[in-house]
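S.K.: Here our numbering is used: the first residue of the sequence shown is 26, the next is one more, and so on. From the three backbone atoms N, C-alpha and C, an ideal C-beta is built for every residue, glycine too.
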Amino acid sequence: MTKPAFATHEVFNQSPPFEDVDLFALDRPLAEAVAANGGAAAERELSEFGRHWGSAAMAERGRVANENSPKLKTFDARGNRRDEVEFHPAYHELMARSAHAGVHNSTWTALGAPAGDAAEVVRAAKFYIAAQVETGHLCPITMTRASVAALAVEPDVLTKTMPVIATRAYDPSFAPWWTKRGMTLGMGMTEKQGGTDVRSNMTHASRDGSAYRITGHKWFMSAPMCDAFLVLAQADQGLTCFFMPRFAPDGSVNAIQFQRLKDKLGNRSNASSEAEFTGAYAERVGEEGKGIRTIIQMVQLTRQDCAIASAGLMRSGLAHALHHARHRSVFQKHLADQPLMQAVLADMALHVEASIALVMRLCRAFDQAPADAGEAAYMRLLTPAIKYWVCKSAPGFLYEAMECLGGNGYVEEGILARHYRESPVNAIWEGSGNVMCLDVLRALSREPDAGMAVLQDIAGETQGLPGSGETVASIAKSFRRPDGERVARLAVEKLALLAAAAALNKISPPHAELFAATRLATSHASMYGAVDLAGDDISGLLQRALP
Ligand SMILES: Cc1cc2nc3c(=O)[nH]c(=O)nc-3n(C[C@H](O)[C@H](O)[C@H](O)COP(=O)(O)OP(=O)(O)OC[C@H]3O[C@@H](n4cnc5c(N)ncnc54)[C@H](O)[C@@H]3O)c2cc1C
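(1) Once DSSP output is grouped into helix, strand and coil, what is the label at H229?
(2) Exposed or buried, which one is K502 when buried takes at least 16 other CB atoms within 10 Å?
(3) Under the three-state reduction of DSSP, which class applies to S198: helix, strand or coil?
(4) With 16 other CB atoms within 10 Å as the buried threshold, where does N295 fall?
(5) Just mark D224 as buried or exposed, buried being the case when its beta carbon has 16 or more other beta carbons within 10 Å.
(6) Just to check my reading of the structure: V59 and A150 have Cβ atoms closer than 8 Å, yes? What is that Cβ distance to the nearest angstrom?
(7) Thinking just about the alpha-carbon of each residue, which of Q322, P274, H242 and Q325 is nearest to the one in E299?
(8) Quick check on this structure: which residue in A175, H349, A346 and V450 has the alpha carbon closest to the alpha carbon of S297?
(9) For Q363, which three-state DSSP category applies?
(10) Applying the 10 Å Cβ sphere with the 16-neighbour rule, what's the burial state of T184?
(11) In terms of alpha-carbon separation, which member of R340, L360 and E472 lies closest to H349?
(12) Excluding the 5 residues preceding and the 5 following A442 in the sequence, name in chain order all residues of the same chain whose CB lies nearer than 8 Å to its CB.
(13) Does ligand 1 have even one heavy atom less than 7 Å from the beta-carbon of K358?
(14) Whether or not the region 463-483 and the region 401-421 are in contact is what I'm after, with contact meaning three or more pairs of Cβ atoms, one per stretch, closer than 8 Å; do they touch?
(15) Taking 7 Å as the line, does the beta carbon of I321 fall inside it for any heavy atom of ligand 1?
(16) Does at least one heavy atom of ligand 1 sit under 7 Å from the Cβ of E455?
(17) I need the DSSP call for P111, collapsed to helix, strand or coil.
(18) Which residue marks the beginning of the alpha helix (DSSP H) containing E538, and which one marks its end?
(19) Take the Cβ of Q488 as the centre, count every other Cβ of all protein chains shown within 10 Å, and call the residue buried at 16 or more, exposed below.
(20) Helix, strand or coil for P507? Go by DSSP, reduced to three states.
(21) Can you name the residues that DSSP bridges to S297?
(22) Just verifying my parser: in three-state terms, what is the DSSP assignment at G64?
(23) Please report the distance separating the alpha-carbon of T240 from that of A542.
(24) Ligand 1 and N530: does any heavy atom of the ligand fall closer than 7 Å to the residue's C-beta?
(25) Within the region 467-529, note down every full alpha helix (DSSP H) run reaching 4 residues or more, in order along the chain.
(26) Applying the 10 Å Cβ sphere with the 16-neighbour rule, what's the burial state of V36?
(27) Do you know how far the Cα of G234 is from the Cα of C462?
(28) Applying the 10 Å Cβ sphere with the 16-neighbour rule, what's the burial state of F302?
(29) Check whether the Cβ atoms of H129 and I154 lie closer than 8 Å to each other.
(30) Which whole-angstrom value describes the C-beta separation of R353 and A528, a residue pair presumed to lie in contact below a C-beta threshold of 8 Å?
(31) Closest to M187 by C-alpha separation, out of G494, P197 and M208, would be which residue?
(32) Leaving out five residues on either side along the sequence, give the residues of the same chain with a beta carbon under 7 Å from the beta carbon of A537.
(33) Hey, is the region 242-260 in contact with the region 210-217, meaning 3+ C-beta pairs nearer than 8 Å?
(34) Please report the residue range of the beta strand (DSSP E) in which I281 lies.
(35) Can you confirm whether the region 394-401 touches the region 412-421 when touching is taken to mean that 3 or more C-beta pairs between the two stretches lie within less than 8 Å?
(36) Spatial neighbours of A115 within its chain, please: C-beta separation below 6 Å, excluding the five flanking residues on both sides.
Here is the structure:
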């Protein structure tokens, strides 16, 4: 019988979904970067995590959590204030899976001290993998783990909260934190009149016995259903950091009101609120007047996570692009076998190899910093430089990855449109690009000898690589200039590129050579693929990226 003319034709030459894969085992540059930075023993744990997060079920949760963005319930049916945000169950499931794997706390001991060994590296690998599936929920995950660094300044607050922070349970109930199986923490710094310039904060703190009452607003306060927030407010002695729980000690709902949720470009599974405090109960964290110094302990860690997440988004873009190119035929030949597409994909693979090598090198510095001054100096100088370079490179990279999938890349059924919309935020929050460059300059001006020693070490590690000598000289010259701010982006980008070449040189010297030849000896072209790589180099890079 002939088919009716309107019957849907057979579907062919479409790539199968990139799902039900092990996102760790398939990623040789990741596995090698983890091993090179002390995390080899966690291979099995990471593979289990990679399989779980690479499943079709997790991909579906990521999609659904973003298509059903959170809703603010300001009032109940009778007009009483409620100030609750409702999330889709898929979001809660993502949170539970990340918490179960310790992504929100595994770098700390049960007492809130740094866990040591390769805890940062192993947790970063999980964060990198989870970011490939769903990044919105990672906002409260990163803030919770980072908050411990600030709480450490106030042992009383840390000691009482740590037993609840340290569990691997996710408890979304709206209840006082001390009654819960697990808790999450957020942060409120940015106000209408200033985000970068937090000294302009107008929110006011007045003493109430041993605690404080906070009155004012926050213009961006993400993950509003967190159990507590670290907020900045002006006390008698100046800007101060506070622990502000959703419930006051008497069990009543604290005076935190949400005005509305932001309508964002991406990051849609995550809620970002505008909040007002009307005499909200809070406890001081650190000395009055030392608020920035206290909360910066937290921000240093969230900046690290921005870089990890952006690297993860790019890895996902590369994996999807390569997977598609291996299945899609154009002019009777798979895209992956077309020389021009190979040049694009290989250049992208080189960028991801360098990014993950660099990010893991940074995480090793976080692991070793408590006992090693050199690693502490690396961490201080390179965190803003790496956040700057990795995060700012992600949107352009993801656009290119999207284009590798042609029209399929641009539609919402695939993950690349979501990744693309998500990617700019890591460069903006936790200190935007220029602010990162200024922070590198600040680190160098405060501790010039330590900063220059880090540069010398990186120079030694890149010796002999194409363009490294000139790059080192150019960085040192720029940083010495009295008008250094004007060339700070130039110098910071070069610093990140040099550090990436050094990190890659420890893992895969041939790829460090290629990276240096295309990024240090000459400026990288504005488009991926505008490089002259040898055939063997191309096939090697692509095989490592996705066997
Ligand atoms: C989705 C989302 C969620 C967020 N969640 C939170 C949250 O939970 N808690 C929170 O506290 N904040 C949050 N923020 C706010 C975020 O951290 C700030 O928006 C960010 O730090 C930038 O501050 P700003 O918006 O005030 O911009 P501004 O400070 O006005 O900066 C604007 C631009 O000027 C540049 N700039 C600033 N100073 C200088 C200078 N001296 N020289 C040259 N250039 C400069 C910056 O790099 C930036 O590009 C969130 C933001 C977004 C987008």
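M.R.: On the basis of the coordinates in this document:
(1) Here residue 229 is taken as the residue at index 204 of the sequence shown, counted from 1. Under the three-state reduction of DSSP, H229 is assigned to strand.
(2) Against the sequence shown, residue 502 aligns to sequence position 477. Exposed.
(3) Translated into positions along the sequence shown, residue 198 becomes position 173. Under the three-state reduction of DSSP output, S198 falls in the coil class, being neither helix nor strand.
(4) The residue given as residue 295 occupies position 270 in the sequence shown. Counting the other CB atoms within 10 Å of its CB gives N295 a total of 16 or more, which places it among the buried residues.
(5) Taking the first residue of the sequence shown as position 1, residue 224 is located at position 199. For the sequence presented, residue 224 should be read as Arg rather than Asp. Counting Cβ neighbours within 10 Å, R224 comes out exposed, since fewer than 16 surround it.
(6) The count along the sequence shown starts at 1 and reaches residue 59 at position 34. The count along the sequence shown starts at 1 and reaches residue 150 at position 125. The pair is a contact, with the Cβ atoms about 5 Å apart (cut-off 8 Å).
(7) Residue mapping note: residue 299 aligns to position 274 of the sequence shown, counting from 1. Minimum Cα distance to E299 is reached at H242.
(8) Working through the sequence shown from its first residue, we reach residue 297 at position 272. The residue with the shortest Cα to Cα distance from S297 is V450.
(9) Within the sequence shown, the letter at position 338 stands for residue 363. In this structure, Q363 counts as coil in the three-state DSSP scheme.
(10) The count along the sequence shown starts at 1 and reaches residue 184 at position 159. Exposed: under 16 other Cβ atoms inside 10 Å.
(11) Translated into the one-based positions of the sequence shown, residue 349 becomes position 324. Among R340, L360 and E472, the Cα nearest to that of H349 is on L360.
(12) The count along the sequence shown starts at 1 and reaches residue 442 at position 417. If we look at A442 and ignore the five residues flanking it on each side, its Cβ neighbours are M427, G434, Y435 and V436.
(13) Here residue 358 corresponds to residue number 333 of the sequence shown, with the count starting at 1. Not so, every heavy atom of ligand 1 lies at least 7 Å from the Cβ.
(14) Yes, since at least three Cβ pairs between the region 401-421 and the region 463-483 fall closer than 8 Å, the two stretches touch.
(15) Counting from one through the sequence shown, the residue named residue 321 turns up at place 296. No, Cβ of I321 sits at least 7 Å from all heavy atoms of ligand 1.
(16) Here residue 455 refers to the residue found at position 430 when the sequence shown is read from its first residue. A heavy atom of ligand 1 is found nearer than 7 Å to the CB of E455.
(17) Taking the sequence shown and counting its residues from 1, the one referred to as residue 111 is at position 86. Position check: residue 111 holds Glu in this sequence, whereas Pro was assumed. Reduced to three states, the DSSP call for E111 is strand.
(18) Start at 1 with the first residue of the sequence shown, and residue 538 comes out as number 513. Counting along the chain, the alpha helix (DSSP H) containing E538 begins and ends at P534 to R544.
(19) Within the sequence shown, numbered from 1, the residue matching residue 488 stands at position 463. It is exposed - the Cβ of Q488 has fewer than 16 other Cβ atoms within 10 Å.
(20) Numbered from its first residue, the sequence shown carries residue 507 at position 482. For P507, the three-state secondary structure derived from DSSP is coil.
(21) For this step, residue 297 is matched to residue 272 along the sequence shown. DSSP output for S297 lists S247 as bridge partner(s).
(22) Mapped onto the sequence shown, residue 64 falls at position 39. Residue state, collapsed to three classes: coil.
(23) As a position in the sequence shown, residue 240 is number 215, starting the count at 1. As a position in the sequence shown, residue 542 is number 517, starting the count at 1. T240 and A542: Cα-Cα distance of roughly 55 Å.
(24) As a working mapping, residue 530 is identified with position 505 in the sequence shown. Flag unset: Cβ of N530 not near ligand 1.
(25) For secondary structure counted as the alpha helix (DSSP H) over 4 or more consecutive residues, the region 467-529 holds these complete runs in sequence order: 473-486 and 493-505.
(26) Locating residue 36 in the sequence shown gives position 11, counting from the first residue. With fewer than 16 Cβ atoms within 10 Å of its Cβ, V36 is classed as exposed.
(27) Taking the sequence shown and counting its residues from 1, one reaches residue 462 at position 437. Taking the sequence shown and counting its residues from 1, one reaches residue 234 at position 209. If I take the Cα positions, the gap works out to 41 Å.
(28) As a first step, residue 302 is located in the sequence shown; it is residue number 277 there, counting from the start. Buried is the call here.
(29) Numbered from 1 along the sequence shown, position 104 holds the residue referred to as residue 129. Numbered from 1 along the sequence shown, position 129 holds the residue referred to as residue 154. Not closer than 8 Å, so no.
(30) Walking along the sequence shown from the start, residue 353 turns up at place 328. Walking along the sequence shown from the start, residue 528 turns up at place 503. Not quite, the Cβ-Cβ distance comes to about 33 Å (not below 8 Å), so this is no contact.
(31) On the sequence shown, residue 187 is found 162 positions in, with the first residue counted as 1. With distances taken between Cα atoms, M187 lies closest to M208.
(32) For the purposes of this step, residue 537 is taken as residue 512 along the sequence shown, with counting starting at 1. Around A537: L490, A526, L529 and N530.
(33) The region 242-260 is in contact with the region 210-217.
(34) Numbered from its first residue, the sequence shown carries residue 281 at position 256. Note, I281: beta strand (DSSP E), I281 to L286.
(35) The region 412-421, when compared against the region 394-401, does not touch it at the 8 Å Cβ threshold.
(36) Position 90 of the sequence shown holds residue 115. Counting only Cβ-Cβ distances below 6 Å, and skipping sequence neighbours, we find R86, V89 and A90.
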